[in-house]
Amino acid sequence: MILNIQHLCKDFPVPGQEPIQALSDITLSVGDKEFVSVLGPSGCGKTTLLRIIAGLESVTSGSIEIDGETISSPNPKMVMIFQEYSLYPWRTIFDNVKFGLELQNNVMQSAREVAMEYLHLVGLDEFASRFPYELSGGMRQRVAVARALAIEPEILLMDEPFGALDAQTRNLLQKELLEIWEKTKKTIIFVTHSVDEAVFLADRLVVLTPRPGRVCEIIPIDFNRPRDRTSAEFAQLRRKVLDLISQPKCTLQ
Amino acid sequence: MRSPLVLLLPVLLIVGWEVASLIIDNPFILPSLTTVIPILLHPFSTEYTLGAPSLMGNAAASLLRVTSGFVLAAIIAIPLGIGMGRSPFLNDFLDSTIELLRPIPPLAWVPLALAWFKIGFVSIVFIIFIGAFFPILLNTIDGVKSIKKTWVEVAETLGAREQDILSKVILPGSAPIIWTGLRVGFGIAWMCVVAAEWLPGISAGLGYLILYAYNFGQTNLIIAGMVVIGIIGLLIDQVFKAGERKWFSWRALER
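Protein chains in written order, with numbering that gives the first Met the number 0: chain A, 0 to 252; chain B, 0 to 254.
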């Protein structure tokens with residue numbers, strides 16, 4: 000699997016005014032089993048980039064391809080995990096996880112097994128017959144991850160998935176996500192504005208500038224996992240990333 | 000358990016009524032309870048209804064009319080509301096007309112209904128249809144608009160086609176508000192049927208019965224008819240509420 004983005008630009012039309020430039024000349028390629036974090040300040044277009052990859056937004060110019068195929072609409076090879084409110088409140092946890100499988104006309108019996116398997120992967124077997132309102136925010140995001148994985152996509156697109164959680168739950172879910180990633184070996188593109196989160200998780204950081212978002216730096220993180228965020232090396236790496244992203248070329252519009 | 004206080008006022012009213020009827024001593028103004036209760040205790044007998052169909056016979060006639068008009072309104076209003084909620088084009092096209100027609104009371108359509116459909120079943124069903132149609136339509140539109148954009152996008156990224164989004168996201172997601180529309184619509188339909196049964200040429204129905212009783216000066220029968228109208232309206236509302244609690248409790252509990 001290879002995701003190839005070439006000179007991608009995205010403008011949003013504003014009636015009666017100049018269009019707003021959200022992304023400008025993004026070139027990026029993401030390979031198999033890679034964990035890439037897209038890092039940038041609020042409003043830099045990182046969510047827009049993710050939505051374009053998911054096929055939820057069109058491009059203004061440039062190209063975006065997965066395995067040589069242009070992405071112009073949602074494609075089950077890639078599944079998006081949203082920050083919040085993505086579970087269907089009228090469905091049980093189990094039926095939420097099964098949702099994507101139902102859409103693929105999966106035979107019901109195997110859909111049940113697959114849904115159970117992924118519910119187990121995120122450690123929520125016991126909650127199968129509960130409803131989303133009975134779960135905490137962290138548990139809901141685990142369900143969203145299970146639902147996304149159940150249709151066996153190649154890429155998980157995660158849009159600040161832990162942004163609405165408290166710090167403790169966020170750290171726990173980051174660890175769990177890495178374990179799941181090791182087990183399933185999906186490609187993950189993870190959008191965040193937290194340097195700490197990005198450095199903890201990713202193989203590679205893609206740093207975007209403020210609007211219009213351009214790729215300012217691509218920083219490889221060659222640091223063995225599991226990473227200890229209290230270690231001196233981690234602090235050093237975080238320092239280095241913070242220095243890089245605060246260079247004038249990354250902060251100036 | 001609710002406090003016994005909820006029963007206090009009804010009991011006081013009944014006692015007060017009986018006392019007042021003794022003081023007034025005119026059954027045309029206020030009949031005694033003892034002349035109303037026997038009618039209610041014989042709902043299938045025509046002896047107590049002065050030759051009109053029995054209480055239940057009239058109730059059945061009213062229910063058939065109200066159900067016909069209500070079901071017809073739901074069949075048209077729900078798909079239309081979903082279309083208007085989903086398509087800004089359809090919404091812009093229809094909205095002004097609907098806003099113009101909506102404030103016209105259902106009973107203001109009576110003369111036109113008579114001109115179009117003559118006296119009879121169809122006219123009454125039409126009036127009920129008008130009464131039930133707008134609450135169902137407006138609630139359906141609101142229900143569809145309450146659907147979170149994320150719900151639709153999740154379905155899209157998981158490979159949903161347009162018909163999947165409709166049947167697995169839009170319909171279940173808006174169902175609680177559509178249900179509220181049905182409940183309000185049925186309430187209005189039930190009010191309309193009583194008045195619509197006052198049209199000339201009607202010979203059954205609870206509305207017909209109470210006007211018929213008035214023509215004979217039988218106030219006890221008027222009140223018995225009113226009690227039945229109230230009880231049926233209450234029971235149906237309870238059925239809708241029970242459905243809401245059973246199927247749609249997620250909506251109130253969702254954070």
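Here a beta-carbon is modelled for each residue, glycine too, at the ideal position from N, C-alpha and C.
I need the straight-line Cα distance from residue i to residue j, nearest angstrom please.
i	j	result
A/Leu176	B/Ser248	32 Å
B/Ala19	B/Arg101	42 Å
B/Ile135	A/Arg228	56 Å
B/Leu11	B/Ala107	38 Å
B/Gly232	A/Glu196	59 Å
B/Trp189	B/Thr48	22 Å
A/Ala143	A/Arg226	25 Å
B/Ile228	B/Gly56	13 Å
A/Leu243	A/Cys249	8 Å
A/His6	A/Ile179	32 Å
B/Ala241	B/Ile176	15 Å
B/Ser202	B/Leu21	34 Å
A/Met79	A/Gln20	23 Å
A/Glu68	B/Val153	22 Å
A/Gln217	A/Gly162	Residue identity check: residue 217 of chain A is Ile in the sequence provided, not Gln. Going from the Cα of A/Ile217 to the Cα of A/Gly162 covers about 23 Å.
A/Ile25	B/Asn90	38 Å
B/Ser44	B/Pro52	8 Å
A/Thr168	B/Ser166	35 Å
So that I know if they touch, is there some Cβ in chain A lying closer than 8 Å to that of residue i?
i	result
B/Pro171	yes
B/Lys245	no
B/Ala159	yes
B/Asp24	no
B/Thr66	no
B/Leu39	no
B/Trp150	yes
B/Lys147	yes
B/Glu46	no
B/Leu252	yes
B/Thr156	yes
B/Asp141	no
B/Asp91	no
B/Trp178	no
Run through DSSP, which three-state label would residue i get?
i	result
A/His192	coil
A/Cys249	helix
B/Asn219	helix
B/Pro87	helix
B/Glu80	The identity of residue 80 of chain B in the sequence shown is Gly, whereas the question assumes Glu. Correct three-state label for B/Gly80: helix.
B/Leu157	coil
B/Ser31	coil
A/Val29	strand
B/Ser145	coil
A/Gln167	helix
B/Arg250	helix
A/Tyr87	coil
B/Gly200	coil
B/Asn214	helix
Going by DSSP, which residues form a beta bridge with residue i?
i	result
B/Ile13	Note: B/Ile13 sits in no beta bridge, so no partner.
A/Ser36	A/Phe189, A/Leu204
A/Gly212	A/Leu22
A/Gln269	Within the shown structure, residues of chain A are numbered from 0 to 252, placing residue 269 of chain A beyond reach of any answer.
A/Pro219	A/Arg203
A/Phe11	A/Ile19
A/Ile80	A/Met157
A/Thr69	A/Glu64
Does residue i have its Cβ less than 8 Å from a Cβ in chain B?
i	result
A/Tyr132	yes
A/Ser148	At residue 148 of chain A the sequence reads Leu, which differs from the Ser that was named. It does not: the Cβ of A/Leu148 has no partner Cβ on chain B nearer than 8 Å.
A/Met157	no
A/Ala53	yes
A/Leu102	yes
A/Tyr117	no
A/Pro12	no
A/Ser85	yes
A/Gly99	yes
Quick one: measure Cβ to Cβ for residue i and residue j, integer angstroms, because I've assumed they're closer than 8 Å.
i	j	result
A/Val206	A/Leu100	Not confirmed; about 37 Å, so no contact.
A/Pro160	A/Gln82	6 Å
B/Trp16	B/Leu32	7 Å
A/Leu49	A/Asp158	5 Å
B/Arg64	B/Ile127	6 Å
B/Gly224	B/Ile209	4 Å
B/Thr218	B/Pro26	6 Å
A/Thr183	A/Leu148	6 Å
B/Ile97	B/Ala131	That belief does not hold up - the Cβ atoms of B/Ile97 and B/Ala131 are roughly 14 Å apart, past 8 Å.
A/Thr186	A/Asp66	With 8 Å as the limit, A/Thr186 and A/Asp66 do not qualify as a contact, their Cβ atoms being about 12 Å apart.
B/Glu253	A/Pro88	4 Å
B/Gly184	B/Ala72	6 Å
For residue i, would you say it is in contact with chain D, using Cβ-to-Cβ distances shorter than 8 Å as the test?
i	result
A/Pro18	Absence of chain D from the displayed structure is noted, the protein chains being A and B.
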